[in-house]
Structure formats: structure tokens, C-alpha cells
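See below for the structure under consideration.
Chains as they are written, first to last, in the working numbering: chain A, 48 to 608; chain B, 62 to 271; chain C, 5 to 104.
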């Protein structure tokens, strides 16, 4: 599968043209990168930035996990502990997970997959990266200036009246990076509506494109509400205006309503792209078309919409009325249905397929299992009586990490490996990648399964010290975190190495369908030498999943220009 | 026409599609702005439902005259902006620039009027905190909302004024042709800022006047 | 520009006719709502004024923002923003209105 086969002729790019310069050759200066409007280069700018912040957020939690080996702590003050888990949350949510797949793979691949030359607003795209950088600069300032200890959720009155850290700077950083999200969302929505190549109808779009579209809807509609919630905290803290202050008749729970109105859809911002990535990978590595394509699309849309209606499940014990609890609980059960449909369809996609176990598929399979477990534990939490017992315990922590790390990060890694040859023109070393994937899966489970157990037994979250009865679980969890450190560092090494010494990739090393594979690896600046015309459905793999033969009809034909 | 083809930007195939794209993009952005202000509207709605009497007592003290003048200024500016857009579509360059200039002046007029109003509000102590003239604490919630809602609105208006000024200059210097997709975008944004004010006006100025 | 195009180009005053009519309607509505705010129709003052504001926004959207000529997609986008706002407000109110 990873041989440098050139038997795949490009149907509409004559051989002499494929020697043309790729987007990587268009300028080698720093300015050519910092002032680029090429969506592919912007994707790489994002990839570098989010990787840096992933490791900063990871370092913060590594220190936390190290501290939690001892029930009464051993090298951190409680204040430092609080600041570390807060930093971990803020960075991982806003500076890694939310931009991860959309800003890197979405930016690179959306125009390629729809047959466009770039996104709708290339300069806005560059601006969105600069907004990320400015937000990130605020966060770096927060770290240097001592941190913030409110948790990533910024609840008042702690954040507005009592916290001693850099609340305003942290809120400002998140406010700015939120507009990066909104800009990306606007760009993707207009791109998908208006720049599809001839013949690329909505229901011929790859599911990854649908996932980029739906995630953009969520980003555009949810993020502004986060921005306002943080602005109100800053107004209370910095300008002394009574906003959520009970002494003036204000209500701290109102903040929670406004905050979670964004922050619940935010988790769908994190999972929808992951679902899009694994749909592509299951089809390719089982050599079969995606089962139930239309319902996969409806499921994405349903998750995006219903996901806006469940935020109160974060507030079951906050003082919400019983009626609101009932309504939000019911809607939370409903939102699980489209997710379940997707899980069944992915399994059905693989049924009777010819399954390959390259690294992208290993990561995708890990996603499938862990997302299912994470989702099921979400149903536990959607039930009000169970949530009353488990809220603010490690059960919740394990639940959301299972989906965000076991789910989204696995899918992110799957996508990085799947599209690596396309983006860089190099092949990574398959054995090391498979080893890293399996190590990550094992490390993840060793870290988080004990957290489900101890959460169920009553271990609270965000606590610096704890009763000794929980120590064994904390130690196992911290060991798992150590394994994850290895699993996350390995790709840096072998992927980095492949940039210099990796085999050159052909245009379609995976023999995959999809427009991005019908152009050279790496692509030229304008993506396609000739405007493609699409005349078939996506995922035109063989019916019973045998590998593609060279010369088999492709779903695109050339339109001469 | 050479200046028209220069207006087409990558990756748009032609100017018509580009204009539709810009129009769609601005409306999608406005949907996000609706939710940005919407969070404030939600807070206003919730707090007013919890403290109805305090809101009526507090809102009595907003300056109806300033508010009404400001509403008239903004409504007029929306009309001049519309005429600017239609003039641009008809390729009437000077008329477009002229109408944009009038729009800008009306917008600046709003800000000046608002500034005078803020000065009067502060003079009478209507900023929540020490020295607030009303006794009932929830009245400060109304005034918090007044300052934040009008303040955020004024920031949006200022951004609009800046952009209108820059675009008018670009048209004047012939850097951009008036039939470029830019007019579509700024006109829509301007109308949105006006729409927010039309909603804020009854919420802040017409309460407790009986 | 050809002579024929020159002859068919509208003047500013022709272009301004419809917007000015809308402007007049908006000012009338503004006056009505300012007057009604002082009318002893409690507790309906707020509702009446918000309805008038809604009509004003509608006039602005349809006649000045060209919503009636815009594509179905743009109208859908405009409606979505509004719709999302409605259920943020509505679902938040289900909590507050049902508290004891």
C-alpha cells in the first residue's frame, strides 16, 4: 500500500506538468510564509502553532499528574496546582482542540476536496491565523505573569471578584482566538456554498467536507456567545460593573447559561471534524463506500443543531429548575442518537471490506471504540440522578477526555498520517507509526479507565489533595500519562525525520478516491492544473472491497482549459 | 473594462459570483453578531423578568431626547447608505462617495451625541458603584446593561465609520472601482448596526415612561 | 460608457426615492413608539414598543437591506441567526420562569 507506485496516472494532468512546482516551492523566505494567502501554507502555519500549544498544555498536565501520585502533594502548592490545571484546560480547549482539525486539515483539504483553487476569502484566512497568534500571545503572557486559577470555565464570583490571577488577560486571549474560529467558519461556509467545481453537488461531497461545513455553522453561531460571556466577566472584574453579583440581584447561574451555550456546542466543534476524518479513513482502508452516506450527512447536521439545545446538562446541580433539568436531560439523550447512527454506519462500512491496518486505520479504529465508550458514559451523565452523584467527579473528567483525547486526538492523528503524503510529498515510516498508534491507545486506557473507577467511587475533580484510598488509581493513571508522553513524542520524531529522509510519495499512495488524491503530492499552488468536473458519487471503491486496479475509472474527468 | 477585472480576486471565477460570495459572507458574519448581542439581550430579558420594578425605576433616568436624536441620526444614515449602494450599482462614482460621506457624518454625529449623553449620565452618577443615585441594588443591573449594550454598539459603529471612511477614500483615489463587492458588505454591516440600535432603543429608552 | 448607457443611468434622486419613503415610514413608527411609551397601557408598553421595533427592523431588512431580492440562502442565513437567538432566550427562560 505504501510503495511508491506511479501506475496511478492522473487523468487530467499530463506527466510533463506534474514536474511543476508545488506550493512548497513558491517562495522560501519567512515572509513568503507569514504573508501567504495560500490556504495550504496557512494550514501548515496553524499546524505548527497548535502543536507547540499541545505540548505546552501537555506539560502542564504532566506536572499535575506527577503531583497526584501523592495524596497530599509533594512539589506543588495548591495555588500552583490550580493554575496548572486551568492552563491545561484553556490551552487544550481553545488553542489545540477547537482549531485542530478544521484549521489544519480543513484549511488544507476543503478547497482540494471540492475542486477549488483556494478558500473564499484567502486574506481573511490569514487574518484568522494572526488572531490565533495574538490570542496565543495573551496566553503566553498569562503563563509568564503567574497564571490563572479559575478553571477553564471562569465561573463567577470566583473569576470576577475573588481570583488572584490573570483573569482579564486569559479572558482576552480566549476572546481573540474565538474570532479566529468565527473567521474560519465564515470562510468555510461561503467556500462550500460557492466554490464547488462543476458536478460537485452537495450529496457528492466527501463526508469530511460536510463535517467542515457543519462545524463551521457551530463555530459561527456559538463562539460569539462565549465572547460575550468573557466580556461580561471582564466588565465585572476590571470595571466593577455588577453583572453576576448576587448582592445586586444578579445571578451567577446566568453566566453559566451564557458560557455553556457556547461550551457545549464547543465539544461538537471538536468531534464533528473528527467524525469527518474517520469517515474518509474507514472508506479508504476497508476499500468500501461509506454505508448510509445520506444518513451520515443528516447525522452531522442533527448533531450540530441538537447540540445547541443541551447546555443545561452542565448545570444540573447549579440551581437550575427541575423543569429545565428535565428538558435538558431529555435533549441530551436525543443528541446521542445521531452519534450512534454514525457509529453503526462506520462499522457497516467495514463489514466485508478488505481491511488494511496502516497507522491511519489503527488510529481510526481506536477512535471508534473510545468514542463509543465516551459517548455511552455521556448517557450516564445525561441522566439527572446519576449526574447528581457524579458531577464534578473524575467520572466526568474521564468521560470528556475519552471523547476529546480518545476521540478527537485519535482522529487528528489519523488524519495527519493519512494526508501526510499529500501535504508533504513524503511517506512516513509505517512501523513506527503503527507502534505509536498502539502505544497511544494503550496509554490512553491506562490513564483514563482508572479515572472512571475513582470518579464513580467519589474522587472529586480539580482537587489537589485526596483521601489515600484513591492513590492506587491516581498512580496507575499517572503511569498511563507517562506512556502517552512517549506516544505523542514518537510522531514528532518519525514525521519530522520523513520530511528530510522519507521516501517521496506518489500522487495517490493510498489508492484513495477523492479529488485531493487526483492532484500531485504536494499540490501546486493553484491546486489543480485543470478545473476538474465531477460526474460520480464519492467513495467509488469496489463493491466488495478489493484493492483498486490501475486504469479503473476515476470519478473525475478532465475539463480542458 | 480594466478596473473591473482588477476587482476580481482569487479564487473567484468572476465578479458576479464574487459579489454574491461577499454578500453571503457578510450575512454569515451578521448571524454571529446576532448571537453576540443576543447574549446581552438574554441577560437583559432574564434580569428584567426577575427585577421588573427595579428596571422600571432605573430606566426612567435614561435621556430620551438624546436617545431619540440618535435613533433619527442612525435611521437617516441607513437611508443614505442604501442610496450609496444603489449609486454604486449604477456606477455613479461621485454620488456613491458623496452618500458615503453623509453616512459617515451622521455616524460621527451619533457618536458625539452619545458622548454628550455619557457625560450627562456620569455627571448624575449613573455608573454602577459608589455614588449611584438610586437606592435599590437591582437598578444598577439595568444601568450595567445600559453601559455595556450602548458601549458595545458604539464600538461596532466606530468600526463601521472607520471602514466607511477608508472605503470612501479608496473609491476617491480610484484604487477600487465602486462596483466592487465592497459596497455590498459595508452597507449590510451598517444596516445591522442600525438594527441593533432600533432594538436597544425601546429596551433602554422607552421603559418606565408612564 | 456608451451614450445609450449614459441616457439610461438613473440620477441619485431617482435612486433615493424609495429609500426616502422607507425613511419617512421609519420616522413615523419611531414617533408612535416614543408617544406610546408614555401611554397608560401597562403592562403592554414593552410589548407594543418591541413589536414596533420589530416592524421597523423588518422594513429596514426588506427594503434597505434588499432581503426580498436576496437569494434564498441569504434569507435562510438571516433567519437562522434570529432562530438561534430565539431558542437561546427561550431555553434560558425555561429555567428562570420555572424556578420556585
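Idealized CB from N, CA, C, for every residue including glycine.
For residue i, report the span of its alpha helix (DSSP H) as first-last.
i: residue 312 of chain A; result: 299-332
i: residue 249 of chain B; result: 243-266
i: residue 97 of chain C; result: 76-101
i: residue 105 of chain B; result: 76-111
i: residue 167 of chain B; result: 154-184
i: residue 87 of chain A; result: 86-114
i: residue 179 of chain A; result: 169-191
i: residue 410 of chain A; result: 406-429
i: residue 128 of chain B; result: 125-150
i: residue 552 of chain A; result: Premise fails: residue 552 of chain A is in no alpha helix (DSSP H) and is neither H nor E.
For residue i, count the other beta carbons within 10 Å of its own beta carbon; 16 or more makes it buried, fewer makes it exposed. Which is it?
i: residue 120 of chain B; result: buried
i: residue 99 of chain C; result: buried
i: residue 230 of chain B; result: exposed
i: residue 310 of chain A; result: buried
i: residue 115 of chain A; result: buried
i: residue 273 of chain A; result: buried
i: residue 79 of chain A; result: exposed
i: residue 189 of chain B; result: buried
i: residue 89 of chain B; result: buried
i: residue 42 of chain C; result: exposed
i: residue 208 of chain A; result: exposed
i: residue 116 of chain B; result: buried
i: residue 62 of chain C; result: exposed
i: residue 533 of chain A; result: exposed
i: residue 398 of chain A; result: exposed
i: residue 210 of chain A; result: buried
i: residue 386 of chain A; result: buried
i: residue 404 of chain A; result: exposed
i: residue 155 of chain B; result: exposed
i: residue 497 of chain A; result: buried
Assuming residue i and residue j make a contact with CB atoms under 8 Å, what is their CB distance in whole Å?
i: residue 213 of chain A; j: residue 192 of chain A; result: 5 Å
i: residue 455 of chain A; j: residue 317 of chain A; result: 5 Å
i: residue 152 of chain B; j: residue 239 of chain B; result: 6 Å
i: residue 300 of chain A; j: residue 365 of chain A; result: 5 Å
i: residue 83 of chain A; j: residue 173 of chain A; result: 7 Å
i: residue 259 of chain B; j: residue 225 of chain B; result: Actually they do not touch by this definition, with Cβ atoms about 19 Å apart.
i: residue 92 of chain C; j: residue 308 of chain A; result: 6 Å
i: residue 491 of chain A; j: residue 452 of chain A; result: 6 Å
i: residue 322 of chain A; j: residue 347 of chain A; result: 7 Å
i: residue 406 of chain A; j: residue 285 of chain A; result: Actually they are not in contact, since the Cβ atoms of residue 406 of chain A and residue 285 of chain A sit about 48 Å apart, beyond 8 Å.
i: residue 158 of chain A; j: residue 240 of chain A; result: Actually they do not touch by this definition, with Cβ atoms about 13 Å apart.
By how many angstroms is the C-alpha of residue j removed from the C-alpha of residue i?
i: residue 343 of chain A; j: residue 201 of chain B; result: 50 Å
i: residue 135 of chain A; j: residue 103 of chain A; result: 8 Å
i: residue 509 of chain A; j: residue 132 of chain A; result: 7 Å
i: residue 194 of chain B; j: residue 34 of chain C; result: 30 Å
i: residue 351 of chain A; j: residue 320 of chain A; result: 11 Å
i: residue 59 of chain A; j: residue 542 of chain A; result: Because residue 59 of chain A carries a pLDDT of 42, less than 50, the predicted location of this residue cannot be relied on, and no value is offered for it.
i: residue 368 of chain A; j: residue 22 of chain C; result: 50 Å
i: residue 179 of chain A; j: residue 279 of chain A; result: 21 Å
i: residue 211 of chain B; j: residue 93 of chain A; result: 36 Å
i: residue 202 of chain A; j: residue 162 of chain A; result: 45 Å
i: residue 482 of chain A; j: residue 327 of chain A; result: 22 Å
i: residue 192 of chain B; j: residue 436 of chain A; result: 46 Å
i: residue 473 of chain A; j: residue 195 of chain A; result: 42 Å
i: residue 444 of chain A; j: residue 506 of chain A; result: 11 Å
i: residue 379 of chain A; j: residue 517 of chain A; result: 30 Å
i: residue 353 of chain A; j: residue 324 of chain A; result: 21 Å
i: residue 569 of chain A; j: residue 71 of chain A; result: 8 Å
i: residue 176 of chain B; j: residue 98 of chain B; result: 21 Å
i: residue 262 of chain A; j: residue 147 of chain A; result: 12 Å
Assuming residue i is part of the beta strand (DSSP E), what are its boundary residues?
i: residue 271 of chain B; result: From DSSP, residue 271 of chain B is part of no beta strand (DSSP E); its letter is neither H nor E.
i: residue 579 of chain A; result: 579-581
Is any non-hydrogen atom of the ligand HEM found closer than 6 Å to the C-beta of residue i, if you look at the structure I gave you?
i: residue 73 of chain B; result: Judged by which ligands are present, the structure shown has none, so any question about the ligand HEM falls away.
Does residue i come within less than 7 Å of chain F when only Cβ atoms are used?
i: residue 13 of chain C; result: This model lacks chain F altogether; the protein chains it does include are A, B and C.
*Completely contained alpha helix (DSSP H) runs for the segment 240-297 of chain A, where each covers 4 or more residues*: As far as the segment 240-297 of chain A is concerned, its whole alpha helix (DSSP H) runs of at least 4 residues are 254-286.
_What ranges does the alpha helix (DSSP H) occupy inside the segment 435-522 of chain A, keeping only unbroken runs of at least 4 residues that lie completely in it?_
Secondary structure in the segment 435-522 of chain A: the alpha helix (DSSP H) runs of 4 residues or longer, each lying completely within the stretch, are 441-448, 457-471 and 477-503 in chain order.
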